[in-house]
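Q: Below is one structure. I have some questions about it.
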Amino acid sequence: MRARIANVLRKEWTLMARSPSNLLFVAVVPLLLVGQALLLAWLVPRFVGEGLGDVDRLRTLLLDQFRFFVLLIPAMVANVFATLSIVEEKVTRTLEPLLATPVRTWELLLGKILAGAIPALAVAWGSSALFVLLACLLGWEAAVREAIGPAWLVSVLLLAPAISLLSFAVGVIGSSRANDAKGAQNLAVLVVLPVFALIAASVLGWVRFTTVGTLVLSAGLAALDVLMLRLAVRLFARESILIRWR
Amino acid sequence: MDEPLIHVEGLTRRFGTRTAVDRLDFDVPEGEILGLLGPNGAGKTTTIRMLAGMIAPSEGSVRIAGFDPAREPERVHEVIGLLPESPGLYDRLSAKENLGYFARFYAGLDVAAAVDGGLRRMGLEERRHDRVATFSKGMKQRLALARALLHRPRILFLDEPTAGLDPEAARALRMLILDLRGEGRTVLLSTHNLAEAEAICDRIAIFRTRLIAIDSPQALREQRFQPRVRIRVAGDAAAAREALVKLPFVRAVSADVQDATLLLATVDDADRDRPRIAARLVEVGAELLEISAEQRTLEDLYLDLVEEAAQ
Chain C
212 MRARIANVLR KEWTLMARSP SNLLFVAVVP LLLVGQALLL AWLVPRFVGE
262 GLGDVDRLRT LLLDQFRFFV LLIPAMVANV FATLSIVEEK VTRTLEPLLA
312 TPVRTWELLL GKILAGAIPA LAVAWGSSAL FVLLACLLGW EAAVREAIGP
362 AWLVSVLLLA PAISLLSFAV GVIGSSRAND AKGAQNLAVL VVLPVFALIA
412 ASVLGWVRFT TVGTLVLSAG LAALDVLMLR LAVRLFARES ILIRWR
Chain X
-5 MDEPLIHVEG LTRRFGTRTA VDRLDFDVPE GEILGLLGPN GAGKTTTIRM
45 LAGMIAPSEG SVRIAGFDPA REPERVHEVI GLLPESPGLY DRLSAKENLG
95 YFARFYAGLD VAAAVDGGLR RMGLEERRHD RVATFSKGMK QRLALARALL
145 HRPRILFLDE PTAGLDPEAA RALRMLILDL RGEGRTVLLS THNLAEAEAI
195 CDRIAIFRTR LIAIDSPQAL REQRFQPRVR IRVAGDAAAA REALVKLPFV
245 RAVSADVQDA TLLLATVDDA DRDRPRIAAR LVEVGAELLE ISAEQRTLED
295 LYLDLVEEAA Q
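Each protein sequence line maps, in turn, to chains C and X.
My numbering numbers the first residue of the first sequence as 212 and each following residue consecutively.
My numbering numbers the first residue of the second sequence as -5 and each following residue consecutively.
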């Protein structure tokens, strides 16, 4: 069982590694997010003048908000990889021999979800570490100490994996139901929207994501991940995939 | 008597209001190559997919090595190998990586040995590290057959395995299929190539949604066509025809509509009666140019049966 999931993971990663354009996307998007967040924090004095207290407060806010921007990374990576995961197998006709092996649908789908979610999460964590490191190198230790607290860490370490799995689960569902990659990507955009809503709610001060609140949200999303996997298995219609993709 | 390896009873599949496969009944014993022949849309691929446990029948039952594909697909997948219409290989993976990926889904399989053995058997050892995108169609087909054989399945489903291959590659693949029978494997082969079916199948099942006929090509020909002797004489064939009609063992004599020198005599046994016909024609002074038992091809049989079924 675990060996079969690992087998799917290995194959998916080999194929990913041999797709330079996808790798470029995965490398560039997080760097752009990190760069944009740091640039905004660096430009703070221009917005608020030289009142140092205001500068630190605004920088702290921007550094704190980065924990939500990090959530965009798996959602965006999923939009590229997860949406192609089943559609590509349909187009290349590899699904039929695959479904003639003893692999179970949930093993195949979980393998595909993890194959995307794990590297996406690694990129998200790597981006977070890079962000904090660069902020310290720019001399904003005070803002970093203020912003990177337990709530920030829970967001990055727990909420990001839950969002990552959710993004890929929705992407794989879209991929197995859609007729082409574009259709699957359109469905997967639905994942990005709630993340944007989270960011907006936080920036506007409508919701305050405390440590406990973020923990509860992470737990809720983890439960949703399990439900989404079950839904993905239920919605994976072997018959119609084989019959419609002749 | 042993249970047949494949048992199909009343197998039916409907897609909406369209019936793709209608009440199929047949058995396939171990070690037999059964050819599935039928026009496009006859339901060959649908039948293979139902037998392989990939789509469910609307009605009827199937047993594959004692397992029900609809209820125990994973058990069925352990004992079958499938070569679909399209090879379905990962172009960005090498031959070895493709086989390795599929081999790891089978519990207890020595993956390295299965992959190496498959590549060696199909003559692809030297290309093991090359990406499949660089392979010819024949090589891809051989690799796909190696994939179907990785776990040494008892039953193989081959869906038009030689379609689109050049004659040399098609012949090589046919030889491999015959080798598989030699190993005691049971093969269900869907094909449009009647010469191929004649050459390698023990029995053929001709169907067009419904099963029209199933038996060995020779037996089907004998059932369908009465034996005839082809006779070609020099000049006017009318006198020869008159002499033949009077022979007690000749059931009928017809002249070829396009060739007045050619007569076809219907008899009970063409090989037995041919010398007697020749002797009689010499007796009456006919100048005999040719006399032979008529060879009805599988194509004659197939077209005859399929056209009749369509009416």
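Every residue, glycine too, gets a C-beta built ideally from N, C-alpha and C.
The model shown is predicted, which means the values in this text are computed figures rather than measured ones.
Determine, for Glu68 of chain X, whether the minimum Cβ-Cβ distance to residues of chain C falls below 7 Å.
A: Translated into the one-based positions of the second sequence, residue 68 of chain X becomes position 74. Closer than 7 Å: yes.
Q: Report yes if the CB atom of Ala272 of chain X is closer than 7 Å to the CB atom of Ala287 of chain X, and no otherwise.
A: The residue you call residue 272 of chain X lines up with position 278 of the second sequence. The residue you call residue 287 of chain X lines up with position 293 of the second sequence. Contact flag unset, no.
Q: Taking Cβ positions only, does Lys393 of chain C come closer than 7 Å to chain X?
A: Numbered from 1 along the first sequence, position 182 holds the residue referred to as residue 393 of chain C. Not one chain X Cβ lies under 7 Å of Lys393 of chain C.
Q: How would you write the range of the beta strand (DSSP E) that Ile359 of chain C sits in, first residue to last?
A: By one-based count along the first sequence, residue 359 of chain C stands at place 148. Note, Ile359 of chain C: premise wrong, no beta strand (DSSP E); not H, not E.
Q: So that I know if they touch, is there some Cβ in chain C lying closer than 7 Å to that of Gly82 of chain X?
A: For the purposes of this step, residue 82 of chain X is taken as the residue at position 88 of the second sequence. Closer than 7 Å: yes.
Q: Taking the CB atoms as reference points, tell me whether Asp324 of chain C and Phe379 of chain C lie closer together than 7 Å.
A: Looking up residue 324 of chain C in the first sequence gives position 113. Looking up residue 379 of chain C in the first sequence gives position 168. With the sequence shown as reference, residue 324 of chain C is identified as Ile, and Asp is not the correct amino acid for it. Taking 7 Å as the Cβ cut-off, Ile324 of chain C and Phe379 of chain C qualify as a contacting pair.
Q: Got a sec: which bits of the stretch 291 to 316 of chain C sit with their beta carbon under 8 Å from any beta carbon on chain X, in order along the chain?
A: So the close ones are Thr303, Arg304, Thr305, Leu306, Glu307, Pro308, Leu309, Leu310, Ala311, Thr312, Pro313, Val314 and Arg315.
Q: If you reduce the DSSP assignment to three classes, tell me which class Arg17 of chain X lands in.
A: Taking the second sequence and counting its residues from 1, one reaches residue 17 of chain X at position 23. Strand.
Q: Please list the terminal residues of the continuous alpha helix (DSSP H) segment that includes Gly322 of chain C.
A: For the purposes of this step, residue 322 of chain C is taken as the residue at position 111 of the first sequence. Per DSSP, Gly322 of chain C belongs to the alpha helix (DSSP H) from Thr316 to Leu348.
Q: Mark Gly82 of chain X as exposed unless 16 or more other C-beta atoms lie within 10 angstroms of its C-beta, in which case mark it buried.
A: Stepping through the second sequence from its first residue, residue 82 of chain X is reached at position 88. Buried, because 16 or more other Cβ atoms sit within 10 Å of the Cβ of Gly82 of chain X.
Q: How do the stretch 141 to 153 of chain X and the stretch 103 to 114 of chain X stand: do at least 3 beta-carbon pairs fall below 8 Å, yes or no?
A: These segments touch.
Q: Tell me which residues share the same chain as Val244 of chain X and place their Cβ nearer than 8 Å to its Cβ, disregarding the 5 neighbours each side in the sequence.
A: As a first step, residue 244 of chain X must be located in the second sequence, where it is residue number 250. Correct list, in chain order: Leu238, Ala259, Thr260, Val261, Asp267 and Ile271.
Q: Since Pro78 of chain X and Pro308 of chain C should fall inside the 8 Å C-beta cutoff, what is the C-beta to C-beta distance between them, to a whole number of angstroms?
A: The sequence position of residue 78 of chain X within the second sequence is 84, counting from 1. The sequence position of residue 308 of chain C within the first sequence is 97, counting from 1. That pair is a contact at about 6 Å.
Q: For Asn218 of chain C and chain X, any beta-carbon pair shorter than 7 Å?
A: Looking up residue 218 of chain C in the first sequence gives position 7. For Asn218 of chain C, the answer is yes, since a Cβ of chain X falls inside 7 Å of its Cβ.
Q: Contact criterion: CB-CB distance below 7 Å. Does Glu458 of chain C meet it with respect to chain X?
A: Lying outside 212 to 457, the shown extent of chain C, residue 458 of chain C is not represented and no answer is given.
Q: Which partner residues does His1 of chain X have in the DSSP bridge list?
A: In the second sequence, residue 1 of chain X corresponds to position 7, counting from 1. DSSP output for His1 of chain X lists X:Asp21 and X:Arg57 as bridge partner(s).
Q: Give a yes or no on whether 7 Å exceeds the smallest Cβ distance from Leu325 of chain C to chain X.
A: In the first sequence, counting from the first residue as 1, residue 325 of chain C sits at position 114. Cβ-Cβ to chain X under 7 Å: no for Leu325 of chain C.
Q: What separation, rounded to the nearest whole angstrom, lies between the Cα atoms of Val247 of chain X and Ser184 of chain X?
A: Reading the second sequence from its first residue, position 253 is the one you call residue 247 of chain X. Reading the second sequence from its first residue, position 190 is the one you call residue 184 of chain X. So the two alpha carbons sit approximately 38 Å from each other.
Q: Closest by CA to Leu282 of chain X, which one among X:Lys240, X:Arg43 and X:Ile225?
A: Taking the second sequence and counting its residues from 1, the one referred to as residue 282 of chain X is at position 288. For the residues X:Lys240, X:Arg43 and X:Ile225, the minimum Cα distance to Leu282 of chain X belongs to X:Ile225.
Q: According to the Cβ coordinates, are Ser429 of chain C and Leu370 of chain C closer than 7 Å?
A: Taking the first residue of the first sequence as position 1, residue 429 of chain C is located at position 218. Taking the first residue of the first sequence as position 1, residue 370 of chain C is located at position 159. Yes, the pair counts as a contact, with Cβ atoms nearer than the cut-off.
Q: Which of helix, strand or coil does DSSP assign to Phe420 of chain C?
A: For the purposes of this step, residue 420 of chain C is taken as residue 209 along the first sequence, with counting starting at 1. It is coil, neither helix nor strand.
Q: Using a Cβ-Cβ distance under 7 Å, would Tyr296 of chain X count as near chain C?
A: The count along the second sequence starts at 1 and reaches residue 296 of chain X at position 302. By this cut-off, Tyr296 of chain X is not an interface position.
Q: Taking Gly29 of chain X as part of the beta strand (DSSP E), name the residues at either end of that continuous run.
A: On the second sequence, residue 29 of chain X is found 35 positions in, with the first residue counted as 1. First-last of the beta strand (DSSP E) with Gly29 of chain X: Ile27 to Leu31.
Q: Taking Leu377 of chain C and Leu435 of chain C to be in contact with their CB atoms under 8 Å, please state how far apart those CB atoms are, rounded to whole angstroms.
A: Looking up residue 377 of chain C in the first sequence gives position 166. Looking up residue 435 of chain C in the first sequence gives position 224. About 6 Å; that satisfies the 8 Å criterion.
Q: In the DSSP output, what is Val329 of chain X paired with across the bridge?
A: Only positions -5 to 305 of chain X appear in this structure, which leaves residue 329 of chain X out of reach.
Q: Tell me whether Arg7 of chain X sits in a helix, a strand or coil according to DSSP, three-state version.
A: Residue numbering aside, residue 7 of chain X sits at position 13 when the second sequence is read from its first letter. If DSSP states are grouped into helix, strand and coil, Arg7 of chain X belongs with the strands.
Q: Does any C-beta atom of chain X lie closer than 7 Å to the C-beta of Arg213 of chain C?
A: Here the question's residue 213 of chain C lines up with position 2 in the first sequence. Closer than 7 Å: no.
Q: Which runs of the alpha helix (DSSP H) spanning at least 4 residues fall entirely within the stretch 176 to 246 of chain X, listed in chain order?
A: Runs found: 188 to 194, 211 to 218 and 232 to 239.
Q: Anything in chain C within Cβ reach of Ile74 of chain X, meaning under 9 Å, just list it in chain order.
A: Working through the second sequence from its first residue, we reach residue 74 of chain X at position 80. By Cβ distance, chain C contributes Ala311.
Q: Taking 7 Å as the threshold (C-beta atoms), are Leu188 of chain X and Glu284 of chain X in contact?
A: By 1-based counting over the second sequence, the position of residue 284 of chain X is 290. By 1-based counting over the second sequence, the position of residue 188 of chain X is 194. No, the pair does not count as a contact, with Cβ atoms beyond the cut-off.
Q: Check the Cβ of Leu87 of chain X against every Cβ in chain C and list those closer than 9 Å, keeping chain order.
A: Taking the second sequence and counting its residues from 1, the one referred to as residue 87 of chain X is at position 93. The contacting residues are Lys222, Thr225, Leu226 and Arg229.
Q: Under a three-way DSSP split, which group does Phe407 of chain C fall into?
A: Locating residue 407 of chain C in the first sequence gives position 196, counting from the first residue. Three-state result, Phe407 of chain C: helix.
Q: Listed in chain order, which residues of the stretch 42 to 67 of chain X have Cβ atoms closer than 9 Å to some Cβ of chain C?
A: The residues in question are Arg43, Ala46, Gly47, Met48, Ile49, Ala50 and Pro67.
Q: CB Val109 of chain X to CB Leu93 of chain X, shorter than 7 Å?
A: Indexing the second sequence from 1 puts residue 109 of chain X at position 115. Indexing the second sequence from 1 puts residue 93 of chain X at position 99. Yes.
Q: Here's a check: name, in chain order, each residue in its chain whose Cβ is nearer than 6 Å to the Cβ of Leu182 of chain X, leaving out the five neighbours to either side.
A: For the purposes of this step, residue 182 of chain X is taken as the residue at position 188 of the second sequence. Excluding sequence neighbours, Leu182 of chain X sits near Leu28 and Phe151.
Q: Can you find a C-beta in chain C that's less than 7 Å from the C-beta of His71 of chain X?
A: In the second sequence, counting from the first residue as 1, residue 71 of chain X sits at position 77. By this cut-off, His71 of chain X is an interface position.
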